[in-house]
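Chemist:
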């Protein structure tokens, strides 16, 4: 297990390094940030001075070398736009996104598993139909539409929930459902089909022949087997939610990482873009690792 | 040779040893309900299982033997199939009258089953201890240390070496033969009154198969439980069974003691089946086979289901299903040739 972890860690570092190189180069090819940062009427001397100050006058190779040295000392650079260390700038938005994405993934895992189990154990009857309808809607309605409809119905018309921004638990309800619905849909569908397959297997027949109750058969014997493919989807989607919740963040003006990264790209804030990408990558690598570990926990055959 | 209706037949054969009957199945009907229509998977099956007896249930795949087995536990796949009639009497109690929760106290405790494929009969994500312990915990209320000891004992009884280590293993760490012993250990854990064996050795190789059969036989001799042994292998029938029931298209077409069946099979289907068993002492160019296909249980005619393939078919066979005809004390057949 230790060797497994160490190996994965090394892999992760190499991935991150390659990625940092790619982003570093691509960002600099995209254009000169100095033009955006300075007022329109700035002279070429002023532009050159800022360029020198930000270190953008040197070759890309040199800039990257300096960047790597700084990173090695834990310094990821200062945001051009906010004039603060990027680690500071990213901190709060990262937390906001983490909260939103985590709430959404927990919500959709719980609801998806419940719906999936209900659908599979009541195949063809009304709970199955309801679950499939919920899942069909979740997969076909885009987040921006759902978000706006929710705001219209629950915030504007009924006045039950806040329209946007951060705050208490009530602020989470609509964004979490908007963000989580599509995930709920895929979890439900996947769990239903994998559950149906497992319920049809010989060991379930034997479990029933032992005289076990329906609940034990479903939860102890079937669910754990059926969860293996679902865990992959949950893990992968969690990564997508963390890095790609931009639509939802925009609709609900949620001050998260997605919006920050989006704006950083627009303003050619290289250090911030680089750091955001590194964080996204680290999150996804970390999640994949957790998914692999959870496989091993769920299925002893993978442990061996 | 006289035609008897099934009622008088029972009274003729059974009364002296009636106390010995552990499981009595009468006119069991399990139908399949599909888009293609209604399929009579099990169509009026009757048999008695006496203490210490092994009854072989033989037939081609699709003849309804496994469905009969599952129906006894009321574990036939639902809602695709339903038991629509008959009686399953376990020491006189009709299992078809029981509620679901009453049924759960029968399964695994009073009637246990060994399934066909040991590779898939055990849950891959649970340890052997979990799976063997489940019935002991549920039906005998064992916990902790006593549960562990009883599980070790059980595995020893099934001649599984190094039981402590096996109990902590997962199914994928064990061989097929070992897994089937574990499945048998689970079945026998609560000293069942009846053991159902649904082709328990089909998936095993021959030497492992022989060892398991001997083991089951020994354990049966010790504990006296009757076995309903579903198989399509006459070699196993000869070795294991006291009586044999031959199934064709959901019905038992011939029932006899094993010796009688091998010596003088009465139903043309049984005869054909026995002919298709290759004889090592006789050199043959081609294996004997039965002409035609088994009938679809969704489109059975009024008459004998075997008629289209039967070499001795008569007009009557096509229009009227033969009633049960007693040929000897230990042999009955459903065939108009013997009427």
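Residue numbers (this note's numbering), protein chains in the order written: chain A, 1 to 304; chain B, 1 to 339. Beta carbons are placed, not taken as given, at the ideal position from N, Cα and C, and that holds for glycine.
Looking at C-beta atoms only, is the number of pairs between the stretch 67-87 of chain B and the stretch 175-183 of chain A that lie closer than 8 Å three or more?
Modeler: No, the stretch 67-87 of chain B is not in contact with the stretch 175-183 of chain A.
Chemist: Is the Cβ of residue 116 (chain A) closer than 8 Å to any Cβ of chain B?
Modeler: False, the Cβ-Cβ gap to chain B never drops below 8 Å.
Chemist: Per DSSP, residue 34 (chain B) is paired with what?
Modeler: BP columns for residue 34 (chain B) point to B:37.
Chemist: Please list, in chain order, all residues of the same chain as residue 70 (chain B) whose beta carbon is under 7 Å from its beta carbon, the five residues on each side excluded.
Modeler: Excluding sequence neighbours, residue 70 (chain B) sits near 76.
Chemist: Going along chain A in order, which residues have a C-beta closer than 8 Å to the C-beta of residue 113 (chain B)?
Modeler: Ordered by position in chain A, the residues that pass the 8 Å Cβ test against residue 113 (chain B) are 206 and 209.
Chemist: What are the start and end residues of the beta strand (DSSP E) that includes residue 86 (chain B)?
Modeler: Per DSSP, residue 86 (chain B) belongs to the beta strand (DSSP E) from 81-90.
Chemist: Alpha carbons only, please: which of A:115, A:128, A:157 and A:182 is nearest the one belonging to residue 144 (chain A)?
Modeler: Minimum Cα distance to residue 144 (chain A) is reached at A:182.
Chemist: So which of A:276, A:192 and A:56 has the shortest CA-CA distance to residue 123 (chain A)?
Modeler: Ranking the options by Cα distance to residue 123 (chain A), first place goes to A:192.
Chemist: Taking the straight line between their C-alpha atoms, what separation do you get for residue 340 (chain B) and residue 230 (chain B)?
Modeler: Absent from the model: residue 340 (chain B). The displayed extent of chain B is 1 to 339, so no value can be given.
Chemist: Evaluate residue 207 (chain B) with the Cβ neighbour count: other Cβ atoms within 10 Å of its Cβ, from every protein chain shown; 16 or more gives buried, anything less gives exposed.
Modeler: Classification of residue 207 (chain B): exposed, given that the 10 Å Cβ count is below 16.
Chemist: Which residue spans inside the stretch 140-166 of chain B form an unbroken alpha helix (DSSP H) run of at least 4?
Modeler: Correct list: 144-157.
Chemist: Given a limit of 8 Å on CB to CB distance, which residues of the stretch 169-192 of chain B reach chain A?
Modeler: Of all residues in the stretch 169-192 of chain B, 170, 172, 173, 183 and 186 have a Cβ within less than 8 Å of some Cβ in chain A.
Chemist: When you check each C-beta in the stretch 212-224 of chain A against every C-beta of chain B, which residues fall closer than 7 Å?
Modeler: Hits within the stretch, in order: 212, 213, 221 and 224.
Chemist: Considering only DSSP beta bridges, list what residue 246 (chain B) is partnered with.
Modeler: Looking at the DSSP assignment, residue 246 (chain B) forms a beta bridge with B:58 and B:254.
Chemist: Considering only the alpha carbon of each residue, which of A:269, A:167 and A:252 lies closest to residue 150 (chain A)?
Modeler: When each option's Cα is compared against that of residue 150 (chain A), the closest is A:252.
Chemist: One question on the structure: do residue 282 (chain A) and residue 16 (chain A) come within less than 8 Å of each other, judged by their Cβ atoms?
Modeler: Going by C-beta atoms, residue 282 (chain A) is nearer than 8 Å to residue 16 (chain A).
Chemist: Quick check: the Cα distance between residue 295 (chain A) and residue 119 (chain B), rounded to an integer number of angstroms?
Modeler: Those two C-alpha atoms are separated by around 21 Å.
Chemist: With 9 Å as the limit, tell me which residues of the stretch 121-132 of chain B have their beta carbon closer than that to any beta carbon of chain A; keep them in chain order.
Modeler: The stretch 121-132 of chain B vs chain A, Cβ under 9 Å: 121, 122, 123, 124, 125, 126, 127, 130 and 131.
Chemist: Please give the ranges of any alpha helix (DSSP H) in the stretch 42-123 of chain A, keeping only runs that are unbroken, at least 4 residues long and fully inside the region.
Modeler: Those alpha helix (DSSP H) runs which fall completely within the stretch 42-123 of chain A and span 4+ residues are 44-54, 60-72 and 86-121.
Chemist: What's the call for residue 40 (chain A), buried or exposed, on a 16-neighbour Cβ count within 10 Å?
Modeler: Residue 40 (chain A) is exposed by the Cβ-count criterion.
Chemist: Run through the DSSP bridge pairs and tell me what residue 21 (chain B) is partnered with.
Modeler: In DSSP, residue 21 (chain B) forms a bridge with B:50.
Chemist: Are residue 86 (chain B) and residue 26 (chain B) close, meaning C-beta to C-beta below 8 Å?
Modeler: Yes, Cβ-Cβ distance for residue 86 (chain B) and residue 26 (chain B) is below 8 Å.
Chemist: Taking three-plus beta-carbon pairs below 8 Å as touching, is the stretch 30-41 of chain B in contact with the stretch 295-314 of chain B?
Modeler: These segments touch.
Chemist: Assuming residue 229 (chain B) is part of the beta strand (DSSP E), what are its boundary residues?
Modeler: Element bounds for residue 229 (chain B): 227-231.
Chemist: In its own chain, which residues sit with a C-beta less than 6 Å from the C-beta of residue 277 (chain A), not counting the 5 before and 5 after it?
Modeler: Hits under 6 Å: 23.
Chemist: Ignore the nearest five residues each way along the sequence and tell me which others in residue 50 (chain A)'s own chain have a CB closer than 7 Å to its CB.
Modeler: These residues qualify, in order along the chain: 34, 37 and 38.
Chemist: So, do the stretch 129-144 of chain A and the stretch 266-275 of chain A have three or more beta carbon pairs nearer to each other than 8 Å?
Modeler: Result no; under three Cβ-Cβ pairs closer than 8 Å.
Chemist: Taking Cβ-Cβ distances below 7 Å as the criterion, which residues of the stretch 27-44 of chain B are in contact with chain A?
Modeler: Listed in sequence order: no entries.
Chemist: Using 8 Å for Cβ pairs, my map puts residue 225 (chain B) next to residue 269 (chain B). What's the rounded Cβ distance?
Modeler: That belief does not hold up - the Cβ atoms of residue 225 (chain B) and residue 269 (chain B) are roughly 30 Å apart, past 8 Å.
Chemist: How would you call residue 4 (chain A), buried or exposed, if buried means at least 16 neighbouring beta carbons within 10 angstroms?
Modeler: That one is exposed.
Chemist: In three-state DSSP terms, what is residue 28 (chain B)?
Modeler: In this structure, residue 28 (chain B) counts as strand in the three-state DSSP scheme.
Chemist: Which one of B:320, B:175 and B:292 has the shortest CA to CA distance from residue 309 (chain B)?
Modeler: The shortest Cα separation from residue 309 (chain B) among B:320, B:175 and B:292 belongs to B:292.
Chemist: Short of 8 Å in beta carbon distance, which residues of its chain neighbour residue 1 (chain B), apart from the five on each side in sequence? Order them along the chain.
Modeler: Low confidence applies here, because residue 1 (chain B) scores a pLDDT of 41, under 50, leaving its location unreliable; read the following figure in that light. If we look at residue 1 (chain B) and ignore the five residues flanking it on each side, its Cβ neighbours are 325, 326, 327, 338 and 339.
Chemist: Any chance the stretch 101-115 of chain B sits against the stretch 226-245 of chain A, with 3 or more Cβ pairs inside 8 Å?
Modeler: In short, these stretches do not touch, since the Cβ pair count stays below three.
Chemist: How big is the Cα-Cα spacing for residue 288 (chain B) and residue 126 (chain B)?
Modeler: If I take the Cα positions, the gap works out to 45 Å.
Chemist: Does residue 127 (chain B) come out as helix, strand or coil in the three-state DSSP assignment?
Modeler: Here residue 127 (chain B) sits in coil by DSSP.
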